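My numbering runs 1 ahead of the 1-based position in the sequence shown. Positions of the beta carbon are idealized from the N, C-alpha and C atoms, including for glycine. Nothing here was measured: the structure is a model prediction, and the numbers come from that model.
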Amino acid sequence: MRRISVVGLGSFGMALARELARLGAQVTAVDDDLAHVEAVKDDVHAAVRMDGRDREALSEQGIHRADVAVVCMGEDFEAAEICAVHLQELGCPKVVVRGTSEERVEILTALVPHVITPAIEAARTLAVRLLAPGLDWYESFPGEHDIAMTIVPEEHDGRTLAEVYGNASGAHPVMLRRGEGHGCELMTTPVTTTPLRAGDHVFWFGTEKQLRHLGGRS
């Protein structure tokens, strides 16, 4: 069982702690606000009220002995920095820090190798989906390429991948999923002659521009 410490129980940290616990992780949730600790204590393995900037307290509570420690003190940038540095010095195998702006990400990246920006990533994902309504799912990644999914509508049942999507302006189909649950079929690297069925989920790999064009197709 993976042991994960979540330091900072704002809306993001609390949701993350609960979801990790639901998925089977042994979660220790930390915050200096008693109300936040009380709110999550029944959902996680342990909930601790303490100041994440306190190196001695982090050590005494064994927060650094988790497989991963996630610092979610995004609104208090200085506190997030201090906590992340303490956890690294105490020997935590992996420290992940939530950044709330591009400027803060640059600073945090100089301190720890793993920085996440959920708000920025969510905003980018939503922007692309609003501009490309034909995409049923979109996920952005660091770098030039992202992944998107389209669902084949009823009117295209029986047509081939090429007939429905053409060359998709350079986006590459990387997987097709047919059906749901244990009975679903997966086809990796589908080809242009692959016949489609209504409801098929087609996953695509490409640049943001390529995927936006794909999602704007009728």
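Measuring straight from C-alpha to C-alpha, what distance separates proline 134 and glutamate 209?
14 Å
Given 8 Å, three or more beta-carbon pairs between the segment 57-75 and the segment 85-102
Yes, the segment 57-75 touches the segment 85-102.
According to DSSP, is methionine 96 helix, strand or coil?
Here residue 96 is valine; the residue named in the question, methionine, does not match the sequence. Under the three-state reduction of DSSP, valine 96 is assigned to strand.
How many Å lie between glycine 217 and isoleucine 121 at the Cα?
23 Å
Since glutamate 155 and alanine 128 should fall inside the 8 Å C-beta cutoff, what is the C-beta to C-beta distance between them, to a whole number of angstroms?
That belief does not hold up - the Cβ atoms of glutamate 155 and alanine 128 are roughly 29 Å apart, past 8 Å.
For histidine 87, collect the residues of the same chain with a Cβ closer than 6 Å to its Cβ; drop the 5 residues on either side in sequence, then sort them by chain order.
Arg56, Leu59
For the segment 113-170, which segments carrying the beta strand (DSSP E) assignment without a break, of at least 3 residues, lie completely within its bounds, in sequence order?
115-117, 138-140, 146-152
On the criterion of 16 or more Cβ atoms from any shown chain inside 10 Å, does glutamate 164 qualify as buried, or is it exposed?
exposed
Comparing alpha-carbon positions, which option in Gly182, Gly184, Arg213, Leu162 lies nearest proline 191?
Leu162
Do you know whose CA, among Asp44, Arg23, Thr194, Leu21, lies nearest glycine 167's CA?
Thr194
Using the rule of at least 16 other Cβ atoms within 10 Å of the residue's Cβ for burial, across every protein chain shown, is threonine 110 buried or exposed?
exposed
CB alanine 80 to CB arginine 4, shorter than 9 Å?
no
Simplified DSSP state of methionine 2, which is helix, strand or coil:
coil
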